[in-house]
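Residue numbers (the working numbering): 258 to 634.
No residue lacks a Cβ here, since even glycine has one placed at the ideal position from N, Cα and C.
Owing to the predicted nature of the structure, the values given are computational and were not obtained by experimental measurement.
All remarks here apply to the structure that follows.
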């Protein structure tokens, strides 16, 4: 039986050929393909300016710098996310302030945000976990009331929407990832959807050493930039992927529906919300009923792997990492995020899967849970 990973990118022959064409062209770093990709992304997001970088982490940090956020500032975000969300706040010298999550959506609990706002709060970074959008209406109502910037960590949100509008087509600054496990990929990469053209010069300096080039061949550096430009190789992949994002999203929704229809509710697992209008179903995540089992999550993952099924963990509660404990965070600070972080597993979900693959995953999950009930003595 073939191994079923928790995710796998879908790359067609046309895209593979486009990469070969770039390699043969001799221009493989940032060039015409990057410009074409950024233009195509701008069209996708309703004409908003878009610029790319070598990762979604880089675009998230650039967004903070565009907002002028730095030492002494605070940024509110969720502890249930990939650690990059908080790392970039530290990278610019600011302090991440965590707010617990809603147990149903697993996103930041908007009802708890206002209690975390202080005179030093400058921005909110919401995260759309598994591609399920945070309530944008309520989010921007809070931000506008308190004069805060919103930097959307929409790393997992490509193809998702809110009330019929594509994530990225509205809002403040929107950071999207094109990592290999995302709904569309460039291998590594990301983009930032900007508010207006005036932000482009600074963004472009931030992604390439702060350099401004002039027509006479001279240059200047007036800000501290990094090295995070996207390559034409990556952009060629992105152009092929963007053409199919609606197709990918539709297929993910079909597979998620099948998961929810086939999953044995008597197992006691907590399933994701059945949102098929907004979510792009980046991941299908369940919470294991560990209090009812005689095995650990690690044991469950190992037994799934024995059945040739890959399982991921996205994510542990990041405030419990050593780096963030060093900032004063402790176990018990955010109980919902901690519980979800202990119990969550990501089951396989990607466009090339079949309904039979979903049936196989559901059956394997049921077998393991039924085989290892907790026996109290």
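Identity of the residue in the options nearest residue i by Cα
| i | options | result |
| --- | --- | --- |
| residue 313 | 622, 435 and 453 | 435 |
| residue 604 | 527, 576, 594 and 587 | 527 |
| residue 267 | 618, 514, 542 and 499 | 499 |
| residue 572 | 400, 402, 482 and 540 | 540 |
| residue 284 | 324, 422 and 489 | 489 |
| residue 621 | 477, 568 and 445 | 568 |
| residue 364 | 524, 344, 414 and 290 | 414 |
| residue 368 | 353, 387, 279 and 394 | 394 |
| residue 281 | 493, 428 and 346 | 493 |
| residue 269 | 496, 616 and 575 | 496 |
| residue 430 | 344, 316 and 340 | 316 |
| residue 228 | 432, 433 and 389 | Look at the range of the chain in this structure, 258 to 634, and you will see that residue 228 is not part of it. |
| residue 520 | 510, 543, 535 and 532 | 543 |
| residue 484 | 287, 271, 587 and 607 | 287 |
| residue 292 | 486, 343 and 564 | 486 |
| residue 259 | 565, 631 and 617 | 565 |
| residue 366 | 615, 475, 593 and 341 | 593 |
| residue 265 | 342, 344 and 607 | 607 |
| residue 444 | 387, 273, 262 and 427 | 273 |
| residue 341 | 562, 392, 318 and 491 | 318 |
| residue 311 | 475, 344 and 432 | 432 |
| residue 454 | 362, 262 and 323 | 323 |
| residue 512 | 616, 534 and 597 | 616 |
| residue 619 | 515, 597 and 533 | 515 |
Bounding residues of the alpha helix (DSSP H) (the contiguous stretch that carries residue i)
| i | result |
| --- | --- |
| residue 269 | It is not in any alpha helix (DSSP H) - residue 269 carries neither H nor E in the DSSP assignment. |
| residue 460 | 457–464 |
| residue 355 | Residue 355 -> not in any alpha helix (DSSP H); beta strand (DSSP E) instead, spanning 352–355. |
| residue 628 | 612–628 |
| residue 303 | Looking at the DSSP string, residue 303 is not in any alpha helix (DSSP H), and its letter there is neither H nor E. |
| residue 314 | 313–323 |
| residue 371 | 370–373 |
| residue 264 | Note, residue 264: premise wrong, no alpha helix (DSSP H); not H, not E. |
| residue 347 | 341–348 |
Any non-hydrogen atom of the ligand NAP closer than 8 Å to residue i Cβ
| i | result |
| --- | --- |
| residue 512 | For the ligand NAP, the structure offers nothing, since it holds no ligand at all. |
Cβ shell of residue i (< 8 Å), same chain only, five flanking positions each side left out
| i | result |
| --- | --- |
| residue 351 | 321, 326, 327, 328, 329, 330, 331, 332 and 379 |
| residue 457 | 306, 308 and 451 |
| residue 524 | 546, 622, 623, 626 and 627 |
| residue 479 | 462, 467 and 469 |
| residue 278 | 493 |
| residue 482 | 462, 463, 464, 465, 466, 467 and 468 |
| residue 588 | 577 and 595 |
| residue 476 | 468, 469 and 470 |
Close beta carbons around residue i, own chain, < 6 Å, minus the five adjacent residues each side
| i | result |
| --- | --- |
| residue 403 | 374 |
| residue 307 | 295, 298, 299, 448 and 450 |
| residue 416 | 440, 502, 506 and 537 |
| residue 629 | 550, 551 and 552 |
| residue 517 | 531 |
| residue 262 | 567 |
7 Å CB neighbourhood of residue i in its chain, flanking five on each side removed
| i | result |
| --- | --- |
| residue 560 | 625 |
| residue 634 | At residue 634 the pLDDT is 47, less than 50, meaning the model places this residue with poor confidence; the figure from the coordinates comes in the next sentence. Counting only Cβ-Cβ distances below 7 Å, and skipping sequence neighbours, we find nothing. |
| residue 545 | 526, 554, 557, 600 and 602 |
| residue 591 | 336, 355, 357, 574 and 576 |
| residue 362 | 389 and 530 |
| residue 276 | 490, 493 and 494 |
Residue range of the unbroken beta strand (DSSP E) whose run includes residue i
| i | result |
| --- | --- |
| residue 380 | 378–382 |
| residue 603 | 601–604 |
| residue 386 | It is not in any beta strand (DSSP E) - residue 386 carries neither H nor E in the DSSP assignment. |
| residue 331 | 331–334 |
| residue 449 | 447–450 |
| residue 430 | 430–434 |
Original post:
Is the region 438–450 in contact with the region 498–506, if contact means three or more CB pairs nearer than 8 Å?
Top reply: yes
Original post:
For the 8 Å Cβ check, are there 3 or more pairs between the region 380–387 and the region 396–411?
Top reply: yes
Original post:
Are there three or more Cβ pairs, one per stretch, closer than 8 Å when the region 361–379 is compared with the region 608–628?
Top reply: no
Original post:
Enumerated in chain order, which unbroken segments of the alpha helix (DSSP H) with a length of 4 residues or greater are wholly contained in the region 534–598?
Top reply: 554–563 and 579–582
Subject >> Three or more C-beta pairs below 8 Å linking the region 528–548 and the region 461–480 >> reply: no
Original post:
Taking the runs of the beta strand (DSSP E) that are 3 residues or longer, which of them lie wholly in the region 468–514?
Top reply: 468–470 and 476–478
**OP:** Answer yes if the region 423–431 comes into contact with the region 302–312, meaning at least three C-beta pairs across the two stretches below 8 Å, and no otherwise.
**Re:** yes
Original post:
In the region 388–422, which residue ranges form an unbroken alpha helix (DSSP H) of at least 4 residues, counting only runs that do not cross its ends?
Top reply: 393–403
Original post:
Are the region 576–592 and the region 542–553 touching by the rule of at least three beta carbon pairs closer than 8 Å?
Top reply: no
**OP:** Report yes or no: do the region 394–403 and the region 352–363 share at least 3 C-beta pairs separated by less than 8 Å?
**Re:** no
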